[in-house]
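These protein sequences, in sequence, are chains A and B.
So this note's numbering is basically just the index in the first sequence, starting at one, shifted up by 307.
So this note's numbering is basically just the index in the second sequence, starting at one, shifted up by 8.
Just so it is clear, CB atoms sit at the ideal spot from N, CA and C, and this is done for glycine as well.
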Amino acid sequence: MRYAETGFQLEVDLSKGSIDKVETDPRDTALYLGGNGMNAKLLFERVPPGTDPWSPDNLLIFGNGLLNGTCVPGANRVSVNTIAPVNGLMGHSLMGGFFGAEMKMAGYDRIVIRGEAPDLVYLAIHNDKVEIRDARHLRGKGMVDTQRLIQEELNDKRAWVAAIGPAGEHRVIMASIDCGNSSAARTPGPVMGAKKLKAIAIRGTKDVNLAHPAELWEICSRLRKELDENPNVGDWMATDEDDSFHHNNFSWGNARVRRKNFWSEPLEERWRNLKYDHMDRWTGCWNCPKACHNLIQWPNRRRFSYKCYGKDTYHMASFQELDFTFEILPVAMDLGFDSYSTPQVIAFALELLEAGILTEKDFPGMPCDVRQRFYYLLQKIAFREGIGDVLAHGVSGAAAIIGNGAEKFDHNTVKKFEQLPIKLGKLNPAYFLMIATGEDMAITQIEGSFPQDPITDPELKEEFIRKWIAVPDKKFAEWFRQWVKRDQLPDDAMVEIVDWNEAMHYLDDSLGLCGFVSSFRGQFGGTTGYHVWNMPQIITHATGWDFDKDRLWECFQRNRNLIRALNNRLGLRRFMERPPEDHWAVRNEEYEQQLLTKYYDFKGWTFDGIPTKETLEKLNLGYVAEDLIKRGILTGNEVTALKDARAKKEKE
Amino acid sequence: MDNTGKKTRIVKEIKVDTKRCVGCRACEIACSAFHAIPKYSSVNTARSRIMIVMDEMRDIFVPIRAGDYAQAECNGRNRYVIDGKEYDECTFCPASCPSRDAFKEPDSGLPLKCDMCESVPPLEKPMCVDACTFGALTYEEREEARAEEEKPGDMEIVFESLVKKHGKKKVMDTFTRLSKS
Chain A
308 MRYAETGFQL
318 EVDLSKGSID
328 KVETDPRDTA
338 LYLGGNGMNA
348 KLLFERVPPG
358 TDPWSPDNLL
368 IFGNGLLNGT
378 CVPGANRVSV
388 NTIAPVNGLM
398 GHSLMGGFFG
408 AEMKMAGYDR
418 IVIRGEAPDL
428 VYLAIHNDKV
438 EIRDARHLRG
448 KGMVDTQRLI
458 QEELNDKRAW
468 VAAIGPAGEH
478 RVIMASIDCG
488 NSSAARTPGP
498 VMGAKKLKAI
508 AIRGTKDVNL
518 AHPAELWEIC
528 SRLRKELDEN
538 PNVGDWMATD
548 EDDSFHHNNF
558 SWGNARVRRK
568 NFWSEPLEER
578 WRNLKYDHMD
588 RWTGCWNCPK
598 ACHNLIQWPN
608 RRRFSYKCYG
618 KDTYHMASFQ
628 ELDFTFEILP
638 VAMDLGFDSY
648 STPQVIAFAL
658 ELLEAGILTE
668 KDFPGMPCDV
678 RQRFYYLLQK
688 IAFREGIGDV
698 LAHGVSGAAA
708 IIGNGAEKFD
718 HNTVKKFEQL
728 PIKLGKLNPA
738 YFLMIATGED
748 MAITQIEGSF
758 PQDPITDPEL
768 KEEFIRKWIA
778 VPDKKFAEWF
788 RQWVKRDQLP
798 DDAMVEIVDW
808 NEAMHYLDDS
818 LGLCGFVSSF
828 RGQFGGTTGY
838 HVWNMPQIIT
848 HATGWDFDKD
858 RLWECFQRNR
868 NLIRALNNRL
878 GLRRFMERPP
888 EDHWAVRNEE
898 YEQQLLTKYY
908 DFKGWTFDGI
918 PTKETLEKLN
928 LGYVAEDLIK
938 RGILTGNEVT
948 ALKDARAKKE
958 KE
Chain B
9 MDNTGKKTRI
19 VKEIKVDTKR
29 CVGCRACEIA
39 CSAFHAIPKY
49 SSVNTARSRI
59 MIVMDEMRDI
69 FVPIRAGDYA
79 QAECNGRNRY
89 VIDGKEYDEC
99 TFCPASCPSR
109 DAFKEPDSGL
119 PLKCDMCESV
129 PPLEKPMCVD
139 ACTFGALTYE
149 EREEARAEEE
159 KPGDMEIVFE
169 SLVKKHGKKK
179 VMDTFTRLSK
189 S
């Protein structure tokens, strides 16, 4: 018997109309865990470089974290991976909620979609009964109606439906996949549209088995209560109405304007009322004692739920107030838009209009009022009409098409991907490395274990360190102790801090743990729910394999290097690893490049940012090294970055 | 025995506050794990004896526990409006019945029923209540006086069921005939 995992994946080819339930090799799970790790392995093995991401040969994989569907609290995230059309690299998105657990109970660890249906279809899964069904009648339908209609058709209100809206159907780069209160927002939506897959409905009634029942239950019940009582985990934005942090520090519009004194007490009071006068309740995800979603009923709108920074993006892009977000969010979400990147794309378009690069002719019939303009552009983009057809490519893609100086307005992307609108003064070395080299496309998916700022009060600092059990090694506590100024720690420390931050996200994403109870929350208060000391124990009791910290850490390194190698094969190189040029006002190119070299070296990568043969072989990734050598990406004789002649030259 | 001399019994109750439910389904998970054999060896919410009827678009989050088995679908398709929200009758119904697939053992189709987590030694509170960190489920025990109940004897039970099946007259006739022979 397989424990924690089901041991099967569902492979669907929409071109052929074939459906296969395939048994997987448990040795792979032991090496890659699940989620993004297993997905990356499938992408590496099955999607050769040069494959057009829009083509039927690309894969769209919904991969359960290893612990999803078990009693481990906060384990519910599905890693949705594909080769992303926006930049040709591996796309990575995480979806919480209930889809993953239901998939496990239906008997599958992941769903692998290949091919392209002749016309719009949806996939209906009930345990071993899997059907590809006609979805032409759902064309153009929003998220809410699609989910409801499919549940009615299947006569199963307990089926979970992950769907795309019109934006996904029209292959809009900013399209998301939604399921209940959760969404996979970054990159897989348009690929689902390209495959003409409107939705996946899933229902399962099978057991998810656990290896050491009593031990695991004891740990999980204790953890559930600890997470419940711990104010440092969960999403503070769900309950704390003081949101001065984002509004005073992040940039408004097309990531342009900082309004340092925007927040005030009267505003907070007004917004608090705005929220609670229209809020029904908080809602949560599968088996999590934190409820991070706010369920809102706004006049003349359908109910919707949002979480985290999704509360701010629309009104900050349009220089409005919270009421505008509450008004537009249900419409935008129903159309199937990601609320992170979409407002930036619209703000970018309006900026181009102001600058004369786009003209009134490009926006026929557009109202004058900025709020109405946002609605106008949402519709144009979702259905790819007129300028919407161009903007559907995202900021970078649209800038390249428009030309005529539009490229200069594409100032907040990394690897063609819209970033959080943060514009700061002095370079922060750890953040430079995370933003430059992260393969998860957004800083929130990379940062999180080491605090963002030092603690100045010596007593508070010592107290923090005393409670800081999450540190994988005492050296992190030492660095924290000596840390005074945000940007000042030895380079070695910066490199290792980034490594630890990454590690926790990679582990979460392969185990299914939500960053809000784990990787993202260590930086605030230090007492996160999951860390390298309790994760191995949990994996051991769930799966029956002996896990310890070292073995766990190796899984992180393996997945990190596999994904890096996959992206190297897709063209990722050193020159692409640059934060937005205006992210910090004061830059130091020479220092940044030296830092990058040190980071690559620590990782066991070449000067170009490719894992060396030795690095890969140490991690059971010999087949990856072989492939890179065969394709001429590695010779096999490379040294790590600092030993490279170019690094020595850099030093001089 | 209470101070009036009447016999008392302990009534166990799980109170539901639907306003506090966030729909995390920890109750369903705990229930299915507790009733797995061996205990906690699996999670399968389809085996749970508690279920959250959930419809986010209507702000409906109602945990219901499995009650008695009902042989037939009921005719009741009423809708109730409470605090401005419309509920189907099924939302509150604890029955395992032919009209829906709730509260049925997925392998056998046999009905499931909440046992308030009967256990030796007894649990402090049912598993679903213990798992609910949001206060949507709370456990209450209270003493209730009860009239002295006469327990039917074995023969009474036998005759009652015979009467139910064949009618009083047929049973009496048969009894008379048999007693004569």
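The C-beta of residue 875 of chain A has 16 or more other C-beta atoms within 10 Å across all chains shown, which makes the residue buried. Of the candidates A:354, A:861, A:414, the residue whose Cα lies closest to the Cα of residue 328 of chain A is A:414. In this structure, A:495 is the residue among A:607, A:331, A:424, A:495 with its C-alpha nearest to the C-alpha of residue 402 of chain A. At a cut-off of 8 Å, the C-beta of residue 466 of chain A has no neighbouring C-beta in chain B. In this structure, B:40 is the residue among B:14, B:40, B:128 with its C-alpha nearest to the C-alpha of residue 122 of chain B. Put simply, the CB of residue 169 of chain B is far from chain A, with every gap to its CB atoms at 8 Å or more.
44, 46, 47, 48, 49, 50, 51, 52, 53, 54, 55, 59, 61, 62, 63, 64, 65, 66, 67: these are the residues of the stretch 43-67 of chain B whose beta carbon lies less than 9 Å from some beta carbon of chain A, given in chain order. At least 8 Å separates the CB of residue 329 of chain A from every CB of chain B. Counting only runs that start and end inside the stretch 765-794 of chain A, the alpha helix (DSSP H) elements of at least 4 residues fall at 765-774, 781-789. Between residue 380 of chain A and residue 579 of chain A, the C-beta gap is not smaller than 8 Å, which leaves the two residues out of contact.
If you look at residue 640 of chain A, you'll find it in the alpha helix (DSSP H) that goes 629-642. Interface criterion not met: the Cβ of residue 70 of chain B is under 8 Å from no Cβ in chain A. The beta carbon of residue 828 of chain A does not come within 8 Å of any beta carbon belonging to chain B, so the residue lies off that interface. A direct Cα-Cα distance of roughly 6 Å separates residue 342 of chain A from residue 385 of chain A.
In the assembly as shown, residue 89 of chain B is an exposed residue. Its beta-carbon has fewer than 16 other beta-carbons within 10 Å. The continuous beta strand (DSSP E) containing residue 439 of chain A extends over residues 436-441. At least 8 Å separates the CB of residue 82 of chain B from every CB of chain A. When secondary structure is reduced to three states using DSSP, residue 543 of chain A falls in the helix class. Checking the DSSP bridge columns, you'll see residue 733 of chain A partnered with A:893. Contact between residue 51 of chain B and residue 37 of chain B holds: CB atoms are separated by about 5 Å, below the 8 Å threshold. Note that the stretch 808-825 of chain A does not touch the stretch 359-368 of chain A; fewer than 3 beta-carbon pairs, one per stretch, sit closer than 8 Å. Straight through space, the alpha carbons of residue 483 of chain A and residue 490 of chain A are spaced by roughly 7 Å. Collapsing the DSSP output to three states places residue 433 of chain A in a strand.
Secondary structure in the stretch 140-186 of chain B: the beta strand (DSSP E) runs of 3 residues or longer, each lying completely within the stretch, are 145-154 in chain order. Taking the Cα positions, residue 388 of chain A is about 46 Å away from residue 80 of chain B.
If you look at residue 652 of chain A, you'll find it isn't in any beta strand (DSSP E); it sits in the alpha helix (DSSP H) that goes 649-661.
Within chain B, the residues whose beta carbon sits less than 7 Å from that of residue 524 of chain A are 41, 48, listed in sequence order. When secondary structure is reduced to three states using DSSP, residue 94 of chain B falls in the strand class.
Note: residue 613 of chain A is bridge-paired with A:601 in the DSSP secondary-structure output. Put simply, the CB of residue 33 of chain B is near chain A, with a gap under 8 Å to one of its CB atoms. For residue 71 of chain B, the beta-bridge partners assigned by DSSP are B:60.
At a Cβ-Cβ threshold of 8 Å, residue 35 of chain B and residue 145 of chain B count as neighbours. Counted as a single uninterrupted DSSP element, the beta strand (DSSP E) harbouring residue 399 of chain A occupies residues 397-402. By the rule that beta-carbons nearer than 8 Å mark a contact, residue 412 of chain A touches chain B. Looking only at A:540, A:497, A:375, the smallest Cα-Cα distance to residue 701 of chain A is reached by A:497. Within 10 angstroms of the beta-carbon of residue 697 of chain A lie 16 or more other beta-carbons, which makes it buried.
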